Amino acid sequence: MKDTDPRYLVPASATVVEDEEEINLLDYWRILVERRQIVFTTLGVTVAAALLFTLMAVPRYEATATLQIERQAPDILDVKDIVAVDPMGYQDFYQTQYKLIQSRSVLRLAAERVDLPNRPEFLERKGTPLGRVYRWARALLSGARERDARDAWDRAIEFIEDGLSVDPVRNSHLVQVSFLDPDPELAAELANAVVDAYVQFQYEHRSDTTQLARETLTAQIARLQGELKAAKEKLQAYTSKKEIIAVADGEQNIAEQALAELNSRLTAARARLAETRARYEALHDAPPESLPEVLSSPLIENLKRQRAEAERRYAQLAERFGPEWPALAESRRELEQIETRLSEETEAIARQVRQVARAEYEKARNNVAELQQEVERQRLEVERVNREAIEYDDLRAQVKTLETKLAAFQARETDAEALGQIQDPRASNVRVVDRAETPDEAARPRKLLNLLLAVVLGVGLGVSLAFVAHQVDNTVKTEHDIEQHAPGAAVLGHVPLFEPLRVVYGGRSAAEKQEAAAAHEATVQAPQPEKPRADAAATPDLASHTNHRSSFAEAFKSLRTALLLASAEHPPRHIVVTSCEAGDGKSTVALNLAIVLTQMGRRVLLVDADLRRPRLHKVLSANGNDQGLSTYLTGNAEIEEVLRESEIPGLDFISSGPIPPNPSELLGSPRVEALLQRVDATQRYDHVIFDSPPSIQVADGLILAAKMDTTILVVRARATTRESLATGVERLRSARAHLAGVVLNAVPEHSRYYYRYYRYYRYYRDEGDDEVEARAREARPLVRAWRKVWNGRKRRAG
3 MKDTDPRYLV PASATVVEDE EEINLLDYWR ILVERRQIVF TTLGVTVAAA LLFTLMAVPR
63 YEATATLQIE RQAPDILDVK DIVAVDPMGY QDFYQTQYKL IQSRSVLRLA AERVDLPNRP
123 EFLERKGTPL GRVYRWARAL LSGARERDAR DAWDRAIEFI EDGLSVDPVR NSHLVQVSFL
183 DPDPELAAEL ANAVVDAYVQ FQYEHRSDTT QLARETLTAQ IARLQGELKA AKEKLQAYTS
243 KKEIIAVADG EQNIAEQALA ELNSRLTAAR ARLAETRARY EALHDAPPES LPEVLSSPLI
303 ENLKRQRAEA ERRYAQLAER FGPEWPALAE SRRELEQIET RLSEETEAIA RQVRQVARAE
363 YEKARNNVAE LQQEVERQRL EVERVNREAI EYDDLRAQVK TLETKLAAFQ ARETDAEALG
423 QIQDPRASNV RVVDRAETPD EAARPRKLLN LLLAVVLGVG LGVSLAFVAH QVDNTVKTEH
483 DIEQHAPGAA VLGHVPLFEP LRVVYGGRSA AEKQEAAAAH EATVQAPQPE KPRADAAATP
543 DLASHTNHRS SFAEAFKSLR TALLLASAEH PPRHIVVTSC EAGDGKSTVA LNLAIVLTQM
603 GRRVLLVDAD LRRPRLHKVL SANGNDQGLS TYLTGNAEIE EVLRESEIPG LDFISSGPIP
663 PNPSELLGSP RVEALLQRVD ATQRYDHVIF DSPPSIQVAD GLILAAKMDT TILVVRARAT
723 TRESLATGVE RLRSARAHLA GVVLNAVPEH SRYYYRYYRY YRYYRDEGDD EVEARAREAR
783 PLVRAWRKVW NGRKRRAG
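Sequential numbering from 3 applies to the sequence shown in the working numbering.
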């Protein structure tokens, strides 16, 4: 039933909700403002270190020479293929040249040009401490004194390498070679020495390449001459063996021509064969009398006329005479003889024609067969000739190729000999545009640049450290932290960090104001020392009473509203105020909450239930702490004897009394319930507020919280850890206490959770309060220091 009691439900209006849950730029800015000491300290240290380094650094001078590097050397002779042509791309070529300038070979030539190991300027250089230690350790471990000469050259090369820089000029073929050294004359001399060494290196490389090319060409020519001689001998032997006669270009091969002619004849013969075969087949199957040769034969025509004449005579005789007439019979025999001869002659001619056709067909067939055999023989001959011609052409091509190569190599050898006779360094692809001159002004250190870099680095490092410190800090800083690490616990409100300089009491002199300001420098919102303060305005305990329009008092009025609205129909009567850790300000919250409740016309009884470290009697009573709650709980006093009135209207209190040896047992006794019943029976007080010990360290607060209507948990901003908050809330829930909510105490004024309210509060105060606060601001140590500096400047200006 208690869990659903409307008295313990916290409305949404009691919780401060952020306008935006996501961190925006203003949140980052406020984090930097809160951690500004880290930022300023880091910036100061970085700038100081940079200034110290800049002032203590040895001035160094920079001498610069300019080179022009082309990808190819001038074409004095047309000998591009004699030396190696660079196949690399633009970037690869120039990157290679930059590395060559800084190579040990070039630096060794430069050191030899100026005889650097024997120069006093070099010998007197001690080098960096780290370098001296390294060389000493290496000499000690190696133990080889005979390497001193080589080590001297190595040190000279390393010396040039450390001070050398190669910088290409953008969008050009120019390269700036610079040397940085404390000695300006040595810097110019070494810059020019490196440039000259690089030009010499390029020239020697070109000469070596030309000489190597000549030697290679001579060897290649000798090899080609031997190969050409062997190829010619092989071609001659093959020509003689195969009896090949070279023909002029454009003439056809004889074998191929013969094959083509045979193919033409074979085609014609096949056509003739087809024709004769068709004729033969036609004559063989046709009747003899239908043959053209028979029809056109004169003999056959004559026989046909004789037959016709005989038939006419026979017909005439047959008309006049009978069959037995001798003349008619003679005429019939003559007709039969003519027909018999005609038939014989026709058969003879037809037989003769067929024989002729057959003979022609046989002849055509034999001719085709002979031509096919001849074509096959000629085709084999053509294939043989072609194979021999191909091999012959290959041998000839080899000879021509070797002759071409030999001529090309001989021409290159001639050009290489001519190039080797040219000993002019100006033929190189490297040209010195400007030689280095002795510098007049130091190039290092760059004071302004170092200062700017130090400022940028200091700001960046300070900001980073500020954010790191903000993330590492595990204390409760905002109401969002409470909601996140104590789920389910409502936030009743927040209390600003108490600043006595913002509250001015009427009737106080200027000396008293300055005294209060000085006292504030050592004042915190945590519990104060054992001795009572003579000036209550410098402490937050009675701030809601002494200045009820201050931001501090307004925060407690908001807390009062949230507490009463938590259960509007049945406002909590018995209230216990506890905290997670000592120093969170629970006593201050309990006392000021009681004060703002009395300002509503309510009667409040404040009980100091902290029987271990009590302090309310120091604020509300000047009669000591001889009697109080402990004497009542032990049965040594009655309520009337321990009940006291305060100077605040409507507020009575019961002090703790002497500190007992068993506080937990006394608070857990039935006399606490008896106390509440007797107080309620009198109907004199609307609220009874108990100030209890921290709930984590001892069990006193948990025992009281389980008996009261509601409990308020106080956490201190930037002091109470998140683990302590979670533990305190969990212990109260385990004790089945009715937690009304959490109060965030001592929130800094510049915190974003207090800023909007504080801005509104400044607008709300009257003009007199603003004027007083302006004077109070001037009393701050930072303002006083600034005014002191400003006045000093004005006096100096005057």
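Even for Gly, the Cβ is constructed at its ideal location relative to N, Cα and C.
None of the values given here were measured: they were computed from a predicted structure.
Residue range of the beta strand (DSSP E) that residue i falls in?
i	result
A718	Ala is not the amino acid found at residue 718; the sequence shown has Arg there. Where R718 is concerned, the enclosing beta strand (DSSP E) stretches over T712 to R718.
P170	L166 to P170
N747	L741 to V749
V434	V432 to D436
T580	H576 to S581
V690	H689 to D693
V493	V493 to P498
I656	L653 to I656
Buried or exposed, going by whether 16 or more other CB atoms sit within 10 Å of the CB of residue i?
i	result
T406	exposed
R38	exposed
H522	Reliability of the predicted coordinates at H522 is poor, the pLDDT of 42 falling under 50, and the value obtained from them is presented with this limitation in mind. Under this definition H522 is a buried residue.
H572	exposed
L57	exposed
M710	buried
G630	buried
S266	exposed
Q99	buried
L226	buried
V578	buried
K588	buried
E126	exposed
S167	exposed
V108	buried
L27	exposed
L382	exposed
N173	exposed
Near residue i, what residues of its chain come up, given a Cβ to Cβ distance below 7 Å and the 5 sequence neighbours on each side ignored?
i	result
L467	I40 and T44
Q74	N431
H175	Q70, I71 and E72
D543	T590, L593 and V621
Q412	I223
R605	G652, R686, Y687 and D688
A438	A65, T66, A67, A190, A193 and N194
T600	V606, I650, P651, G652 and L653
L219	F411, R414, E415 and A418
Output the distance between the C-alpha atoms of residue i and residue j, rounded to the nearest integer angstrom.
i	j	result
V478	R720	6 Å
H619	R680	22 Å
L565	A742	7 Å
V506	S657	Residue placement at V506 is poorly supported in this model, since its pLDDT is 40, which falls under 50; the coordinates still yield a value, given next. Each residue's Cα considered, the two are about 29 Å apart.
L608	A51	58 Å
E313	P328	16 Å
A399	A239	16 Å
V458	V470	18 Å
T548	H482	32 Å
V355	L344	16 Å
V774	F554	Only weak support is given to the placement of V774: the predicted model assigns it a pLDDT of 38, under 50, and the value that follows is read from those uncertain coordinates. If you take the alpha carbons of V774 and F554, they lie about 16 Å apart.
S105	Y200	9 Å
R556	P498	Sequence check: residue 556 is Glu here, not Arg. Answer to the nearest angstrom: the Cα atoms are 10 Å apart.
Just curious, the alpha helix (DSSP H) that residue i is in, first and last residue?
i	result
F124	P122 to L125
D610	Taken as a continuous stretch (DSSP letters only), D610 belongs to no alpha helix (DSSP H), being part of the beta strand (DSSP E) at V606 to D610.
P665	P665 to L669
A568	That residue, A568, is in no alpha helix (DSSP H); it is neither H nor E in DSSP.
F469	K449 to V474
L631	L631 to L635
W31	L27 to E36
I705	D702 to K709
Less than 8 Å between C-beta atoms, sequence neighbours within five positions excluded: which residues of the same chain meet that for residue i?
i	result
E443	Y63
R121	L188
K236	L397
E341	R309
R724	N476, T477, V478, D483 and H487
With which residues is residue i paired in a DSSP beta bridge?
i	result
R62	R446
W68	Correcting the residue type first, residue 68 is Thr in the shown sequence and not Trp. Paired residues: Q178 and D436.
Who are the Cβ neighbours of residue i in its own chain at under 6 Å, not counting the five residues just before and after it?
i	result
K559	V598
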